[in-house]
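So the structure is just underneath, and the comments pick up after that.
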Amino acid sequence: MCETPEVEIKNVREVYEVIASHFSETRYKGWPKVESFLKSLPPHAVVLDVGSGNGKYHNVNKDIQVVGFDQCYNLLLEAVAHQHSQNVQSDSLALPVKSGFADFAISVAVIHHFSSEERRVAAIQEIVRVLKIGGKAIITVWAKEQAKFEKREGQDLMVEWHLQKGKEKKSEINEPEAKTGKDGEKVYERYYHVFVKGELENLVNQIHECKVVESGFEKDNYYVIVSKVSEAN
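Residue numbers for the sequence shown follow full-length UniProt numbering, so the first one is 1 and each next one is one higher.
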């Protein structure tokens with residue numbers, strides 16, 4: 001995979017490092033479909049949370065072992081502080097895990113931050129790679145079909161984040177560009193590729209090692225549950 005596109009560096013990676021604390025405060029409630037998936041898993045299952053953020057799903061099922069992977073260091077600090085879970089800083093396209101390691105995986109609101117179809121497919125393929133044969137993963141993305149996007153053209157969008165004063169986190173990487181809001185707060189732009197109906201399934205269908213076992217739309221998100229059927233050649 002080629003170098004990370006500038007839009008992902010400037011409008012995803014750098015922004016989340018700065019807004020991590022404030023973002024985490026707004027992401028305390030889990031998505032019901034993901035929680036029901038986790039609660040259905042057998043005891044002692046090993047689950048990888050790819051793009052784990054603040055780790056809010058890590059204590060949904062106390063009988064499974066969840067390991068989080070995220071590129072954002074400051075969000076991982078939030079996960080450690082509040083969830084006391086196992087977390088690893090990692091690029092979602094190159095997980096530091098051997099093939100066939102995990103029983104299950106989740107990837108919630110991550111794939112839509114990749115700026116090309118090639119990279120979105122690669123991100124899903126990496127999730128499939130780390131699953132055991134028969135292992136399943138649930139993947140969710142933002143849908144284009146929601147009220148806040150109905151008047152916006154195209155699928156590649158910038159979505160503003162208004163950072164409350166005093167919530168800015170120090171970042172070891174470059175400071176992202178910001179505008180000034182009406183109350184003097186900093187306003188950052190985050191990149192999203194919002195999905196249309198059938199698009200997520202079409203990405204999965206490009207990967208021969210897995211199949212879609214369930215898909216749907218819920219709470220302004222599309223989701224798929226995929227099952228790994230073979231190892232890559």
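Where is the CB? At the ideal position from N, CA and C, for every residue including glycine.
query: Given V46, which residues of its chain have a CB within under 6 Å of its CB, disregarding the five upstream and five downstream residues?; result: Q65, A102 and D103
query: For the beta strand (DSSP E) containing N87, name the first residue and the last one.; result: Q86 to Q89
query: Residues bridged to S107 by DSSP?; result: I139
query: Do L203 and I124 count as a contact pair if the criterion is CB distance below 9 Å?; result: yes
query: Which same chain residues end up closer than 7 Å to A178 when comparing Cβ atoms and leaving out the 5 residues on each side of it in sequence?; result: K186, V187 and Y188
query: Would you list the residues sitting across from N221 in a DSSP beta bridge?; result: W142 and E218
query: From this set, G135, S99 and N54, which residue's C-alpha is nearest H84's C-alpha?; result: N54
query: Going along the chain, which residues of its own chain have a beta-carbon closer than 6 Å to the beta-carbon of Q86, five neighbours each way excluded?; result: V67
query: If you reduce the DSSP assignment to three classes, tell me which class K29 lands in.; result: coil
query: Between the C-alpha atoms of P176 and E3, what's the straight-line distance to the nearest angstrom?; result: 19 Å
query: Starting from E118, follow the beta strand (DSSP E) in both directions and report where the run begins and ends.; result: Premise fails: E118 lies in the alpha helix (DSSP H), E117 to V130, not in any beta strand (DSSP E).
query: Candidates S99, H113, A109 and I127: which alpha carbon is nearest residue 242's?; result: With the chain covering only 1 through 233, there is no way to say anything about residue 242.
query: From V7 to C72, what does the alpha carbon distance come to, in whole angstroms?; result: 16 Å
query: Counting along the chain, where does the alpha helix (DSSP H) carrying L200 start and finish?; result: E199 to V204
query: Look up G68 in the DSSP assignment and give the residues it is bridged to.; result: D49 and N87
query: In the DSSP assignment, find the unbroken beta strand (DSSP E) run with L157 in it and report its ends.; result: D156 to L163
query: Could you check where the beta strand (DSSP E) with E189 kicks off and where it finishes?; result: K186 to H193
query: From this set, G51, L38 and R13, which residue's C-alpha is nearest D63's C-alpha?; result: L38
query: Express the C-alpha separation of A81 and N221 in angstroms, rounding to a whole number.; result: 28 Å
query: Using a Cβ distance threshold of 8 Å, determine whether the region 189–203 contacts the region 138–145, with at least three qualifying pairs required.; result: yes
query: Closest by CA to V213, which one among A137, L93 and V108?; result: A137
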